[in-house]
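Student: Okay, here's the structure, questions in a sec.
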Amino acid sequence: MYETTENLFLFEFPNRNIAEQILQGEWSWKKFKLYLEWWNPITDCLSNSISVKTTWIRAMGVPLHQWSQKIFKEIGVLCGGWKATEEETELKNNLKWARIQVAGDGWNIPNE
């Protein structure tokens, strides 16, 4: 498995038959439904037919003394509506940024 861009991954299988079997199933990870499709040159481009209900943001520079679920929810509300906080963020495994899932496609997120 290779991460290509934010939330997009490329899976490599031993042969085409296994890949076809995988594509026929329904898959999820941590309660999130996964959409699997064959790779093509425009895979990284978001299709107009896809309605994005949530997106992940990175909140940079959150002071350690404010690193809490309450603050992450407040940030999420300001960015369209809080949906979830990444487990790695909650566990303080990476303090460079907080990853927060918010409602919407991310186009209305403030820069500051």
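In terms of full-length UniProt numbering, the sequence shown has 102 at position 102, counting the first letter as 1, and numbering is strictly consecutive.
Glycine included, every Cβ here is placed at the ideal spot set by N, Cα and C.
1) Which class does V102 belong to by DSSP, given the choice of helix, strand or coil?
2) Measuring CA to CA, which of P14, K70, L95 is closest to A84?
3) Give me the DSSP bridge partner(s) of S28.
4) Check each candidate in W39, Q24, R58 and name the one with the smallest Cα separation from E86.
5) Can you tell which of N111, K30, G80 has the C-alpha that lies nearest to the C-alpha of E88?
6) Please report the residue range of the beta strand (DSSP E) in which L10 lies.
7) Taking only the alpha-carbon atoms, compute the straight-line gap between G25 and W39 and give it to the nearest angstrom.
8) Measure the C-alpha to C-alpha separation of R99 and E20 and round it to an integer number of angstroms.
9) Are there 16 or more other CB atoms within 10 angstroms of the CB of V102, so buried, or fewer, so exposed?
10) Taking the beta carbon of G61 as the centre, do at least 16 other beta carbons fall within 10 Å, making it buried, or is it exposed?
11) With distance defined between alpha-carbon atoms, name the residue in L36, P110, I22 nearest to L78.
Tutor: Straight from the coordinates:
1) Counting from one through the sequence shown, the residue named residue 102 turns up at place 102. In this structure, V102 counts as strand in the three-state DSSP scheme.
2) Looking up residue 84 in the sequence shown gives position 84. Here the closest residue by C-alpha is K70.
3) Residue 28 sits at position 28 when you count from the first residue of the sequence shown. DSSP, once it has assigned bridges, lists K33 as partnering S28.
4) The residue you call residue 86 lines up with position 86 of the sequence shown. Taking only the C-alpha atoms, the option nearest E86 is R58.
5) On the sequence shown, residue 88 is found 88 positions in, with the first residue counted as 1. The option with the nearest alpha carbon to E88 is K30.
6) The sequence position of residue 10 within the sequence shown is 10, counting from 1. Unbroken beta strand (DSSP E) run through L10: 8-10.
7) Mapped onto the sequence shown, residue 25 falls at position 25. Mapped onto the sequence shown, residue 39 falls at position 39. For G25 and W39, the distance between alpha carbons rounds to 17 Å.
8) Locating residue 99 in the sequence shown gives position 99, where the first residue counts as 1. Locating residue 20 in the sequence shown gives position 20, where the first residue counts as 1. Whole-angstrom Cα-Cα distance: 33 Å.
9) Translated into positions along the sequence shown, residue 102 becomes position 102. Buried is the call here.
10) Residue 61 sits at position 61 when you count from the first residue of the sequence shown. Classification for G61: exposed.
11) Looking up residue 78 in the sequence shown gives position 78. Minimum Cα distance to L78 is reached at P110.
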